[in-house]
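*Asks:* Quick note on this note's numbering: the sequence shown kicks off at 4 and runs consecutively. C-beta atoms are modelled at their ideal positions from N, C-alpha and C, and glycine is treated no differently.
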Amino acid sequence: MESAEYHHALALLDWQVKLGATEAICDAPVNCYALPDTLAKPRNVPQAAAKPMTASAQPDPVAEASRLAEMAQDLDALRAALAGFEHCELKRGARNLVFSDGIPGAPVMIIGEAPGRDEDREGLPFVGRAGQLLDRMLAAIDMGRARADAPVYITNVLPWRPPQNRDPHPEEIAMMRPFLERHIALADPQVIVIMGNISAQALLGKRGITRLRGNWTECFGRPALPMFHPAYLLRQTGAKREAWADLLSLKARVGNG
Ligand code: URA
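1. Which residues in the same chain as E274 place their Cβ atom closer than 7 Å to its Cβ, once the five residues preceding and following it in sequence are excluded?
2. Do three or more CB pairs link the region 82-97 to the region 135-152 at distances below 8 Å?
3. If you draw a straight line from the C-alpha of L136 to the C-alpha of G211, how long is it?
4. Which whole-angstrom value describes the C-beta separation of E116 and I201, a residue pair presumed to lie in contact below a C-beta threshold of 8 Å?
5. Is D249 near G199, with beta carbons less than 9 Å apart?
6. What residue ranges within the region 223-260 form continuous alpha helix (DSSP H) runs of no fewer than 4 residues, ordered along the chain?
7. In whole angstroms, give me the CA-to-CA distance for R98 and M178.
8. State yes or no: is the C-beta of V111 within less than 9 Å of the C-beta of I195?
9. Within its chain, find whatever has a CB closer than 6 Å to the CB of L206; leave out the 5 residues flanking it on each side and keep chain order.
10. Check whether the Cβ of F182 lies closer than 8 Å to any heavy atom of the ligand URA, and answer yes or no.
11. Let me have the residue list for the ligand URA: C-beta closer than 7 Å to any non-hydrogen atom, ordered along the chain.
12. Keeping to the same chain, check which residues put their C-beta closer than 7 Å to that of W247; ignore five residues upstream and five downstream.
13. CB L78 to CB A72, shorter than 9 Å?
14. Return the CA-CA distance between K3 and H172, expressed in angstroms with no decimal places.
15. Which two residues bound the contiguous beta strand (DSSP E) that contains V130?
16. In three-state DSSP terms, what is M112?
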């Protein structure tokens, strides 16, 4: 039987999570970013014993991602390939792989940035405050992730939550990009919505969403519409006017096939 102490400790932990704690830390501060470097440098290893680093010992993570992504013949296989991919450090700090939500094969594929705390906890993209706003935005143009008549399919550039919701590093984006490209090919949308700067960086190689938004472009051979990220709209409510114009443009484009 579980003790009263156990339940007390669990309640305290739950309370801290509700207050917004996202990491458990010890008394002494640990720089998690320093650990891989420290571990990578072997100390006091005699020269003769140190093995030369071969190409096979250090596979190029981007090449490995491309190889695995190309092998995936459907979305389930792609999810499994991502789940088995060990080169991205973000995976170690994440609770869940966040792959996608909505209806595969939907005419619209929305690509956000990376999971936040709520998404990491639930294993689904856009379920926090920004996600709720996204759902309301889609409902305003009669679309939705669960609507059989006008579905959307949703994913992110990165499938794992960056620690403390920091911006993804360019190397992380580059490493995961082959999976994203394959994800788009397998989901086969008519159009892509590029949500925010990180997504624009990953898919178009450009930042500056204020300038890019609302202008249809092309991404992996498909029409793509950059838009403000809903998290930005939560902070800058004045930008909702532009977001509304972009939603109408999306609806018109998809409605016209
Ligand atoms: N922001 C994103 O870009 N994606 C999510 O899944 C949640 C918040």
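*Replies:* Quick look at the numbers:
1. Given that the chain is displayed from residue 4 to residue 260, the structure contains no residue 274 and the question cannot be resolved.
2. no
3. For the purposes of this step, residue 136 is taken as residue 133 along the sequence shown, with counting starting at 1. For the purposes of this step, residue 211 is taken as residue 208 along the sequence shown, with counting starting at 1. Roughly 22 Å separates the two Cα atoms.
4. Walking along the sequence shown from the start, residue 116 turns up at place 113. Walking along the sequence shown from the start, residue 201 turns up at place 198. At roughly 4 Å, the Cβ-Cβ gap stays under 8 Å, so E116 and I201 are in contact.
5. Within the sequence shown, residue 249 is the residue found at index 246, counting from 1. Within the sequence shown, residue 199 is the residue found at index 196, counting from 1. No, Cβ-Cβ distance for D249 and G199 is not below 9 Å.
6. 233-238 and 243-258
7. Position 95 of the sequence shown, counting from 1, holds the residue named residue 98. Position 175 of the sequence shown, counting from 1, holds the residue named residue 178. So the two alpha carbons sit approximately 20 Å from each other.
8. If you number the sequence shown from 1, residue 111 lands on position 108. If you number the sequence shown from 1, residue 195 lands on position 192. Contact flag set, yes.
9. Taking the sequence shown and counting its residues from 1, the one referred to as residue 206 is at position 203. Answer for L206: I197 and C222, listed in chain order.
10. What you label residue 182 is simply residue 179 of the sequence shown in a count that begins at 1. F182: no, Cβ never under 8 Å from the ligand URA.
11. V101, G115, E116, A117, P118, G119, E122, P128, F129, G131, A133, G134, N159, M198, G199, H232 and A234
12. For this step, residue 247 is matched to residue 244 along the sequence shown. Nothing meets the Cβ criterion.
13. Position 75 of the sequence shown holds residue 78. Position 69 of the sequence shown holds residue 72. No; because the gap between Cβ atoms is not below 9 Å, this pair is not in contact.
14. No information on residue 3 is available, as it lies outside the stretch 4 to 260 that the chain covers here.
15. Taking the sequence shown and counting its residues from 1, the one referred to as residue 130 is at position 127. That residue, V130, is in no beta strand (DSSP E); it is neither H nor E in DSSP.
16. Within the sequence shown, residue 112 is the residue found at index 109, counting from 1. Residue state, collapsed to three classes: strand.
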